[in-house]
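Read the structure below first, then the notes.
Numbering (this note's numbering), first residue to last: 6 to 426.
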């Protein structure tokens with residue numbers, strides 16, 4: 006139902022490779038063949054969707070930034086994208102999570118490979134292998150959601166129920182794939198996406214608060230029902246779900262989360278903008294978790310879940326230009342830039358909401374997301390450049406799937422290559 010975070014030092018060697026032309030496998034469908042011949046609709050590096058006016062980009066040429074992302078992607082792919090269990094499946098391994106395969110990782114893999122199409126000739130093959138894996142591991146509670154954890158034999162374990170963040174990314178990845186390759190091939194990506202979006206609404210959104218639940222295992226009367234995880238507040242995903250389904254519920258969901266983010270920052274982190282891993286009492290006066298409620302003693306701090314928030318909120322800010330998302334991202338950016346004196350090496354892996362550190366470790370899971378927040382502040386060019394240099398210069402550690410996956414995705418956004426279907 007949740008992932009235990011391990012703290013790992015980022016190190017190891019990265020692989021290098023240039024941008025490659027898309028080479029997609031043939032299909033029996035004429036439409037699919039045409040799509041394959043044309044390649045992906047939004048090839049990596051095309052910068053088809055400009056960010057909101059005023060958004061920064063790291064200094065340097067677009068091509069140099071893109072090449073840095075491709076280098077990191079190739080290292081990430083070599084370390085974590087596997088075919089370990091046969092059946093035509095691809096899986097993203099998570100050596101630093103509490104199980105070898107977790108839903109979050111498969112979601113990351115689908116979003117990343119759909120985005121990197123055009124740079125990786127195998128993107129569609131990998132994506133379809135991930136889809137096949139996801140479809141073979143349904144949640145016991147809702148078959149259109151993904152079981153959260155699998156063991157080394159790729160068998161679902163620990164209850165075979167879902168984790169909301171994994172499902173959000175799986176659905177978003179399917180929408181990306183529909184835009185990239187169309188839905189007339191092996192899988193009808195659009196149909197699968199809509200089924201998942203509706204399943205998320207049914208089983209992973211609290212119908213009273215319109216906030217994300219932790220998974221489909223948290224039903225009415227369950228002790229975590231009035232609790233939500235800040236790293237699941239993927240505002241741009243909710244926008245994409247509204248566009249794909251026409252269901253106005255997703256606007257309600259998005260605005261409920263934006264209101265909660267603004268309130269939590271104002272009440273509990275006025276000087277930092279930081280959010281807690283978990284927020285409780287969502288049916289009353291929502292507040293940071295008072296202590297251990299799911300994972301550990303730092304559940305109410307800016308820890309191993311909330312570290313993703315500057316990336317998630319910042320991604321919505323730069324793609325939508327939404328004033329609430331911009332304000333929330335800028336609060337976090339202003340604080341961390343000041344806290345570190347503009348030195349990314351001083352970002353540590355854990356803070357109280359008042360900005361005091363409770364950990365002295367270093368991890369890309371904490372460092373990289375702040376680069377996305379930095380995009381939103383016109384006065385942060387030097388800070389953004391320092392963060393970019395740190396990300397681009399840090400090799401993917403094959404033992405640290407979590408930090409490496411967040412590093413790669415933050416680089417995709419920071420380089421101007423992220424888009425919302």
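All residues carry an ideal CB built from backbone N, CA and C; glycine is no exception.
What you are looking at is a predicted structure, and each value in this text was computed from that prediction instead of being measured.
Residue i to residue j span [Cα, whole Å]
{"i": "residue 272", "j": "residue 265", "result": "10 Å"}
{"i": "residue 72", "j": "residue 334", "result": "27 Å"}
{"i": "residue 184", "j": "residue 199", "result": "14 Å"}
{"i": "residue 63", "j": "residue 187", "result": "32 Å"}
{"i": "residue 154", "j": "residue 45", "result": "31 Å"}
{"i": "residue 47", "j": "residue 423", "result": "10 Å"}
{"i": "residue 280", "j": "residue 274", "result": "7 Å"}
{"i": "residue 365", "j": "residue 350", "result": "11 Å"}
{"i": "residue 288", "j": "residue 307", "result": "22 Å"}
{"i": "residue 228", "j": "residue 253", "result": "29 Å"}
{"i": "residue 230", "j": "residue 291", "result": "13 Å"}
{"i": "residue 158", "j": "residue 89", "result": "8 Å"}
{"i": "residue 152", "j": "residue 360", "result": "35 Å"}
{"i": "residue 171", "j": "residue 110", "result": "7 Å"}
{"i": "residue 405", "j": "residue 101", "result": "6 Å"}
{"i": "residue 175", "j": "residue 141", "result": "14 Å"}
{"i": "residue 310", "j": "residue 235", "result": "7 Å"}
{"i": "residue 77", "j": "residue 52", "result": "18 Å"}
{"i": "residue 368", "j": "residue 126", "result": "30 Å"}
{"i": "residue 421", "j": "residue 55", "result": "8 Å"}
{"i": "residue 197", "j": "residue 373", "result": "31 Å"}
For residue i: DSSP bridge partner residues
{"i": "residue 161", "result": "155"}
{"i": "residue 167", "result": "152"}
{"i": "residue 234", "result": "283"}
{"i": "residue 143", "result": "151"}
{"i": "residue 97", "result": "86"}
{"i": "residue 210", "result": "217"}
{"i": "residue 362", "result": "356"}
Same chain, Cβ closer than 6 Å to residue i, five either side skipped, listed in chain order
{"i": "residue 26", "result": "Here residue 26 scores only 37 on pLDDT, less than 50, and its place in the model is too uncertain to base an answer on."}
{"i": "residue 410", "result": "113"}
{"i": "residue 122", "result": "45, 128 and 185"}
{"i": "residue 337", "result": "278, 315 and 378"}
{"i": "residue 195", "result": "183 and 188"}
{"i": "residue 355", "result": "308, 363 and 364"}
{"i": "residue 214", "result": "287"}
Sequence-distant residues of the same chain with beta carbon closer than 7 Å to residue i, five excluded per side
{"i": "residue 86", "result": "95, 97, 114 and 131"}
{"i": "residue 342", "result": "385 and 388"}
{"i": "residue 345", "result": "351 and 352"}
{"i": "residue 377", "result": "315, 316, 319, 320, 415, 418 and 419"}
{"i": "residue 261", "result": "214, 215 and 216"}
Residue i Cβ short of 7 Å to the ligand MG heavy atom set
{"i": "residue 235", "result": "Within the structure as shown, the ligand MG is missing, as the structure has no ligands at all."}
Cβ-based neighbour list, residue i, same chain, cut-off 8 Å, excluding 5 preceding and 5 following
{"i": "residue 426", "result": "177, 180, 181, 183, 184, 245, 248 and 249"}
{"i": "residue 295", "result": "285 and 305"}
{"i": "residue 150", "result": "143, 144, 167, 172, 201, 204, 205, 208, 209 and 221"}
{"i": "residue 108", "result": "151, 152, 153, 154, 167, 168, 170, 171, 172 and 175"}
{"i": "residue 332", "result": "267"}
is_contact[residue i, chain C] using C-beta, thresh 8 Å
{"i": "residue 347", "result": "Given the protein chain composition of this structure (a single chain), no chain C is represented."}
Pair every Cβ in the segment 162-170 with every Cβ in the segment 132-139, then say whether three or more of these pairs are closer than 8 Å.
Fewer than three pairs of CB atoms, one per stretch, sit closer than 8 Å, so the segment 162-170 makes no contact with the segment 132-139.
As an exercise, report each continuous alpha helix (DSSP H) stretch of at least 4 residues that is fully enclosed by the segment 254-319, in chain order.
List check, alpha helix (DSSP H) in window: 254-273.
Can at least three beta-carbon pairs, one atom from the segment 391-403 and one from the segment 291-306, be found at a separation below 8 Å?
Three or more beta-carbon pairs separated by less than 8 Å are not found between the segment 391-403 and the segment 291-306, which leaves the two stretches without contact.
Using a Cβ distance threshold of 8 Å, determine whether the segment 52-70 contacts the segment 378-391, with at least three qualifying pairs required.
Between the segment 52-70 and the segment 378-391 there are three or more C-beta pairs closer than 8 Å, enough to call the two in contact.
Entirely within the segment 98-133 and at least 4 residues each: give me those alpha helix (DSSP H) ranges in chain order.
Contiguous alpha helix (DSSP H) elements confined to the segment 98-133 occur at 108-120, taking only those with 4 or more residues.
Using 8 Å as the Cβ pair cut-off and three pairs as the minimum, do the segment 320-335 and the segment 231-248 touch?
They touch, by the three-pair rule.
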